[in-house]
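Trainee: Quick one: the structure is below, questions incoming.
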Ligand SMILES: Cc1ncc(C[n+]2csc(CCOP(=O)(O)OP(=O)(O)O)c2C)c(N)n1
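In the working numbering, the protein residues as written are 12 to 155.
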């Protein structure tokens, strides 16, 4: 929001997850008040993904408090209720066009709810407590 306020003509994007954005969801109101046309790229995997990934790797896939199950809001209607534009992208082949459409709306905040594979992991990842940056996992099977 600060970047958009300082650079009103710039394309400003916030890349986030459905967990993180809900810790600051009230700022959609601030964006309405100050007319900040930020583009929100919400990578929605339905999980606190970092937490789930740790549970997958260290606890044999026993998930505790990391799945949203059916408890997520409809982000499109939520964004709309603050006066913004909401868009949902469900298929990878629709992403480019949706991004073009969103970034073409120069004076509107667009909340893009992008559905991603709930079971995909993020790499590189450091898993050993007190481990060195030289001991990173680069994928499910490769280490540095
Ligand atoms: C204020 C705060 N609370 C808790 C955490 C711990 N935390 C780190 S990553 C994460 C999950 C974030 O989930 P999401 O935004 O859906 O992104 P994903 O990991 O799925 O990409 C949590 C709860 C944190 N970093 N900050």
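We put the CB at the ideal spot given by N, CA and C, even for glycine.
Short of 8 Å in beta carbon distance, which residues of its chain neighbour residue 100, apart from the five on each side in sequence? Order them along the chain.
Mentor: Reading the chain shown from its first residue, position 89 is the one you call residue 100. Only 106, 109, 123, 124, 125 and 126 meet the Cβ criterion.
Trainee: Less than 7 Å between C-beta atoms, sequence neighbours within five positions excluded: which residues of the same chain meet that for residue 40?
Mentor: As a first step, residue 40 must be located in the chain shown, where it is residue number 29. Once the five neighbours on either side are set aside, the close Cβ partners of residue 40 are 93.
Trainee: If you compare alpha carbons, which of 112, 128 and 129 is closest to residue 121?
Mentor: Your numbering for residue 121 matches position 110 in the chain shown. Of 112, 128 and 129, the residue nearest in Cα terms is 112.
Trainee: Starting from residue 98 and walking both ways along the beta strand (DSSP E), at which residues does that stretch end?
Mentor: Here residue 98 refers to the residue found at position 87 of the chain shown. Segment 96-100, the beta strand (DSSP E) holding residue 98.
Trainee: Considering Cα atoms alone, identify which of 150, 155 and 154 is closest to residue 64.
Mentor: Indexing the chain shown from 1 puts residue 64 at position 53. Checked all of 150, 155 and 154; the closest Cα to residue 64 is 150.
Trainee: When every heavy atom of ligand 1 is checked, does at least one fall within less than 7 Å of the C-beta of residue 56?
Mentor: On the chain shown, residue 56 is found 45 positions in, with the first residue counted as 1. Yes, the beta carbon of residue 56 sits closer than 7 Å to at least one heavy atom of ligand 1.
Trainee: Is any non-hydrogen atom of ligand 1 found closer than 7 Å to the C-beta of residue 59, if you look at the structure I gave you?
Mentor: Stepping through the chain shown from its first residue, residue 59 is reached at position 48. Flag set: Cβ of residue 59 near ligand 1.
Trainee: Whose C-alpha, out of 86, 85, 128 and 60, is nearest the C-alpha of residue 77?
Mentor: By 1-based counting over the chain shown, the position of residue 77 is 66. Residue 77 has its Cα closest to that of 60, out of 86, 85, 128 and 60.
Trainee: By DSSP's criteria, residue 136 is part of a beta bridge. Which residues make up the other side?
Mentor: Along the chain shown, read from residue 1 onward, the residue named residue 136 stands at position 125. Paired residue(s): 148.
Trainee: Checking the sheet assignment: what are the DSSP bridge partners for residue 154?
Mentor: Your numbering for residue 154 matches position 143 in the chain shown. Answer is 148, bridged to residue 154.
Trainee: Just the Cα atoms here: how many angstroms apart are residue 85 and residue 51?
Mentor: Locating residue 85 in the chain shown gives position 74, where the first residue counts as 1. Locating residue 51 in the chain shown gives position 40, where the first residue counts as 1. The alpha-carbon atoms of residue 85 and residue 51 are separated by roughly 15 Å.
Trainee: Buried or exposed: where does residue 35 fall if 16 or more other Cβ atoms within 10 Å of its Cβ makes it buried?
Mentor: Along the chain shown, one-based indexing puts residue 35 at 24. It is exposed - the Cβ of residue 35 has fewer than 16 other Cβ atoms within 10 Å.
Trainee: Could you work out which residue in 45, 13, 90 and 29 is closest to residue 57 when comparing CA atoms only?
Mentor: Mapped onto the chain shown, residue 57 falls at position 46. Per the Cα distances, 29.
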